[in-house]
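In our numbering, the protein residues as written are 34 to 360.
Below, the structure written as structure tokens:
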């Protein structure tokens with residue numbers, strides 16, 4: 034039997050890095066870097082030195098979701114500096130997208146000391162509802178001969194291209210985007226976070242409980258020099274999105290291209306489907322026949338952007354109603 038897809042752990046590794054600063058940094062400031070990925074401190078080497086001088090003493094920190102290098106002594110206003118960074122991945126992996134090494138060589142000039150001001154008007158916040166497919170075995174059907182694989186990290190089955198869920202959950206998502214001008218005007222001394230009261234490191238949170246008020250995005254800005262946190266005005270979602278939360282019924286034949294669909298019992302020993310205990314699937318409440326004559330079923334591609342989930346009472350809607358409301 035073939036599996037619908039394969040999985041590898043891609044949790045620890047640097048994918049990319051870039052400087053948050055542009056051309057100047059306040060003399061009493063820090064050097065901030067935006068990083069995609071994660072690695073231990075010892076996997077990052079940073080050298081900062083003045084023009085025609087020796088490397089400065091300093092230390093690597095993590096603050097507001099950013100990598101921060103803090104000089105041991107203030108910089109000299111008007112003097113030029115060079116940053117040389119190398120980040121290493123212990124095991125480079127093409128599947129996970131981890132390069133063997135990331136190298137940056139950047140220059141900047143130290144300006145007079147000063148406190149940055151947040152530019153809330155340069156931060157765009159967007160809310161929407163997306164349907165997430167169920168990962169429960171009883172809610173999944175696959176093309177004949179295909180099987181889902183159990184994802185320990187997710188705590189449920191992953192679908193792949195030949196499997197689909199018959200149920201889903203509408204969740205509210207919120208995303209924010211920062212205009213690069215905000216970084217330049219603040220000399221990259223502010224670390225922006227999307228939700229001041231939630232411990233999340235990502236640009237997204239989600240909520241699916243229709244009984245809990247929709248969360249508003251309250252952007253925070255951490256002064257990377259002092260650690261002081263400033264709060265921006267809340268940006269709340271349209272109340273009309275609340276009706277799109279909760280449970281959805283999905284017809285997998287709308288998304289799968291194969292002619293025959295099957296569902297199988299779980300094999301408790303292998304944490305997967307038992308290929309010897311399958312039956313055809315012909316719709317909700319339908320048949321439990323031998324797996325040889327099955328109905329119809331385009332690839333399901335729902336991107337999960339989940340960082341914090343609130344569960345509760347669910348309400349049912351059809352997937353076609355969802356598509357219309359999101360269009």
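Glycine included, C-beta positions come from ideal geometry on N, C-alpha and C.
From the options, residue whose alpha carbon lies closest to that of residue i
i: residue 172; options: 51, 53, 46, 285; result: 285
i: residue 253; options: 115, 223, 76; result: 223
i: residue 300; options: 130, 292, 280, 311; result: 311
i: residue 201; options: 95, 121, 248, 279; result: 279
i: residue 295; options: 225, 271, 177; result: 177
i: residue 121; options: 226, 213, 46, 297; result: 46
i: residue 56; options: 193, 141, 314; result: 141
i: residue 270; options: 288, 160, 216; result: 160
i: residue 143; options: 216, 54, 314; result: 54
i: residue 73; options: 313, 315, 123, 308; result: 123
Residues near residue i in its chain [Cβ-Cβ closer than 8 Å; skip 5 each side]
i: residue 199; result: 167, 172, 173, 174, 282, 283, 284, 285, 317
i: residue 84; result: 112, 113, 114, 115
i: residue 107; result: 60, 61, 146
Beta-carbon gap between residue i and residue j smaller than 7 Å
i: residue 304; j: residue 183; result: yes
i: residue 205; j: residue 164; result: no
i: residue 103; j: residue 90; result: no
i: residue 88; j: residue 146; result: no
i: residue 130; j: residue 48; result: yes
i: residue 158; j: residue 268; result: yes
i: residue 387; j: residue 214; result: The chain is shown only over 34 to 360; residue 387 falls outside these bounds and no answer can be derived.
i: residue 220; j: residue 149; result: yes
i: residue 255; j: residue 197; result: no
i: residue 118; j: residue 79; result: yes
i: residue 209; j: residue 156; result: yes
Residue i - DSSP class collapsed to helix/strand/coil
i: residue 192; result: coil
i: residue 155; result: helix
i: residue 301; result: coil
i: residue 318; result: Note that residue 318 has pLDDT 49, beneath the 50 cutoff, so the model's placement of it is unreliable and the number below is only indicative. Three-state DSSP puts residue 318 in coil, outside helix and strand.
i: residue 219; result: coil
i: residue 187; result: coil
i: residue 51; result: strand
i: residue 87; result: coil
i: residue 248; result: coil
i: residue 97; result: coil
i: residue 69; result: strand
i: residue 213; result: helix
Nonlocal neighbours in the same chain, by C-beta distance under 6 Å from residue i, ignoring five residues either side
i: residue 51; result: 67
i: residue 218; result: 152
i: residue 101; result: 63, 65, 94, 257
i: residue 21; result: Nothing can be reported for residue 21, as the shown portion of the chain is limited to 34 through 360.
Cβ of residue i within 7 Å of any chain D Cβ
i: residue 141; result: No chain D appears in this structure, which consists of one protein chain only.
Cut-off 7 Å between Cβ atoms - residues of its own chain near residue i, not counting five sequence neighbours on either side
i: residue 187; result: 168
i: residue 153; result: 252, 265, 266
Length at least 4, wholly inside the segment 106-178: the alpha helix (DSSP H) runs in chain order: none
3 or more residues per run - each beta strand (DSSP E) lying fully within the segment 254-278: 262-268
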